[in-house]
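Everything on this sheet refers to the single structure shown next.
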Amino acid sequence: MNKIIIIALMILMTGCSFGEKRIKIFSVEEPRQKLDYPMPTALQLEELKWIIITSENAQEVFKKLEEAGIDPVLFGLTDKDYQVLARNFAQIRQKLQETNNLLEEYKKYYEPKEKE
Amino acid sequence: MIFGKIKMIITVLMILGISGAGIYVMKLRADNAILKANQDKLETAITEQNKVLEQQKKDFTAILESNKKLNVLIGTFKKDLEDLDKRFTKKDRDIGKLAISRTEAIERIINKGGVNAARCIELASGAEHTPEELKATLKSEINPECPSLANPGFVEYQ
């Protein structure tokens, strides 16, 4: 009789823990959200006009400006400075191209369009 | 009496032996199950490792290709700048003196060059090529300020 009571008590104390299925905890790697910024909008530059003034045509140039209703004033560069300006612009353009290409390459590498 | 005791001892030994063998077999089966589970895990790990290695291989190839592309691009930059310098100084050319003697012609050339240079900046910032730019294969059709950028179809004759 005592034995039966002891067994019954044991079952009561352990409850339903016998054969209990434990919850498996597993982690699923969630990929980081894509930034997916659109590429920067391309520039649309306005056209400008260069005027060459020499000691010979200066009067004529200013006269033409006045006739066209434009203030007779010009912002000047020497021929050497013009070359420097051209070179500087070429370098700015190259830097822009390089940065844009880098951005494209990063996008292609880290945010490929097709799902693998 | 003695035979009875011997019989009992033998019986007990046999029971112990059989139960020992049974326990041993059960232990072997349990070990086998663990080994099988380990084997499964190892196989999964190998498959995953192979996948990682394959991805790494793909990544290395992509990085190499990207580096190559950027190096080619930087190479064209140097050449474009040299070409620009050449246009100003080719055959002891002095743009200042030329502008004095042929003012209108140089003004026209400089304005055309300005338009071309502006177009180069637009393209560098990501503007789409026009069909004419893409089709250009002759020297007379290209944008001389940045042929490598503006006219991908143009191959300079060496």
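Residue numbers (the working numbering), protein chains in the order written: chain B, 395 to 510; chain Z, -1 to 156.
Backbone N, C-alpha and C fix where the C-beta goes; we use that ideal spot for every residue, glycine too.
This one's a predicted model, so the numbers in the text were calculated from it and none came from an experiment.
C-beta atoms of residue i and residue j nearer than 8 Å
i                      : j                      : result
residue 123 of chain Z : residue 490 of chain B : yes
residue 116 of chain Z : residue 496 of chain B : no
residue 485 of chain B : residue 93 of chain Z  : no
residue 97 of chain Z  : residue 448 of chain B : yes
residue 79 of chain Z  : residue 426 of chain B : no
residue 445 of chain B : residue 154 of chain Z : no
residue 64 of chain Z  : residue 503 of chain B : yes
residue 437 of chain B : residue 112 of chain Z : no
residue 451 of chain B : residue 101 of chain Z : yes
residue 492 of chain B : residue 71 of chain Z  : yes
residue 499 of chain B : residue 428 of chain B : no
Member of the options whose CA lies at the smallest distance from the CA of residue i
i                      : options                    : result
residue 130 of chain Z : Z/151, Z/146, Z/63         : Z/151
residue 487 of chain B : Z/29, Z/15, Z/144          : Z/144
residue 142 of chain Z : Z/133, Z/95, Z/85          : Z/85
residue 466 of chain B : B/424, B/474, B/454        : B/454
residue 501 of chain B : B/434, B/397, B/474        : B/434
residue 95 of chain Z  : B/432, B/494, B/474, B/483 : B/474
Where the alpha helix (DSSP H) through residue i begins and ends
i                      : result
residue 15 of chain Z  : 0 to 87
residue 496 of chain B : 473 to 504
residue 468 of chain B : Neither: residue 468 of chain B is in no alpha helix (DSSP H) and is coded neither H nor E.
residue 101 of chain Z : 101 to 122
residue 453 of chain B : 452 to 461
residue 132 of chain Z : 129 to 133
residue 145 of chain Z : 145 to 148
Residue i, buried or exposed, once every other Cβ within 10 Å from all chains shown has been counted against 16
i                      : result
residue 146 of chain Z : buried
residue 75 of chain Z  : buried
residue 140 of chain Z : buried
residue 119 of chain Z : buried
residue 471 of chain B : exposed
residue 179 of chain Z : Examination of residue 179 of chain Z is not possible in this model, given that chain Z is present from -1 through 156 alone.
residue 82 of chain Z  : buried
residue 510 of chain B : With a pLDDT of 47 at residue 510 of chain B, under the threshold of 50, the modelled position of this residue cannot be trusted; read the value that follows with caution. With fewer than 16 Cβ atoms within 10 Å of its Cβ, residue 510 of chain B is classed as exposed.
residue 148 of chain Z : buried
residue 31 of chain Z  : exposed
residue 121 of chain Z : buried
residue 28 of chain Z  : exposed
residue 138 of chain Z : exposed
residue 19 of chain Z  : exposed
residue 134 of chain Z : buried
residue 461 of chain B : exposed
residue 8 of chain Z   : exposed
residue 406 of chain B : exposed
residue 1 of chain Z   : exposed
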